[in-house]
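> Here this note's numbering is used: position 127 in the sequence shown is 194, and no number is missing along the way.
Beta carbons: idealized from backbone N, C-alpha and C, even for Gly.
No experiment lies behind these values; they were computed from the predicted model shown.
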Amino acid sequence: MELFIKNMVCIRCKMIVKLELEKAGLTFDRLELGRVHITGTPGLDQLEEFRQGLINSGLELIKSKKSILVEKIKNVIFEMLNNTAEPLRMNFSDHLSEKLNLDYTYLANMFSESQETSIEQFIIKQKIQKVKYLISCNELTLTEISWKMHYSSVAHLSTQFKKVTGITPSIYKQYPQSRYLLLENV
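1. The beta strand (DSSP E) spanning Leu98 covers which residue range?
2. Suppose you measure from the CA of Val34 to the CA of Glu180; what does that come to, to the nearest Å?
3. How about the segment 223-238 and the segment 185-204: do they share at least three Cβ pairs that are nearer than 8 angstroms?
4. Assuming Leu148 contacts Lys73 under a Cβ cut-off of 8 angstroms, what Cβ separation, rounded to an integer in Å, is found between them?
5. To the nearest angstrom, how far is it from the Cα of Leu167 to the Cα of Leu111?
6. Just list the residues that DSSP pairs Arg255 with in beta bridges.
7. Could you pull the start and end residues of the alpha helix (DSSP H) that Thr255 belongs to?
8. Which residue wins for smallest C-alpha separation from Glu99, given the options Met75, Thr108, Glu89?
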């Protein structure tokens, strides 16, 4: 039985899901971002305990096919943003279509209908979140961050950053107090 999980976007989320599965006495053979494959036949009480454990951790089981597809799209995006060591060898729309084996126009329409934003705008916001994190770590220069996040230049990164947050990455880096003002912006 395959279960789909909303808001499961990182390794920490996978650890939480694994813990909740163990608490509920459920066994699994595959655990990926956004989904888990349960082995055997789980009892209704086990599934309810698992569902409640997820809710308490800020995650939730997804039931509708449309919501499952949107979460799959988000998970491909999160994978892409978390695996920035190597650039994509094709444009993102083709990558997404290939990963999900569906036409990009269909995916884009489904996503924007459900999320009230385009896939492109969602990606930009997620990239800026990652850039904010990388700036906060203070380990990379803006040039290194722009390269790591696959921007064509620091100027492109700065323009997008300012459009989303209202300030430049340099100001964000220079004035740590500005970070608290931006927590809700992205």
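Quick answer:
1. Locating residue 98 in the sequence shown gives position 31, where the first residue counts as 1. That run of the beta strand (DSSP E) goes 94-99.
2. Nothing about residue 34 can be reported from this structure: the residues present for the chain run from 68 to 253 only.
3. Output reads yes: the segment 185-204 touches the segment 223-238.
4. Sequence index remark: in the sequence shown, residue 148 carries index 81 (1-based). Sequence index remark: in the sequence shown, residue 73 carries index 6 (1-based). Actually they do not touch by this definition, with Cβ atoms about 18 angstroms apart.
5. Translated into positions along the sequence shown, residue 167 becomes position 100. Translated into positions along the sequence shown, residue 111 becomes position 44. Going by the C-alpha atoms only, they are around 30 angstroms apart.
6. Since the first residue shown for the chain is 68 and the last is 253, residue 255 is missing from the structure and cannot be characterised.
7. Nothing can be reported for residue 255: it is not among the residues displayed for the chain, which extend from 68 to 253.
8. In the sequence shown, counting from the first residue as 1, residue 99 sits at position 32. Per the Cα distances, Met75.
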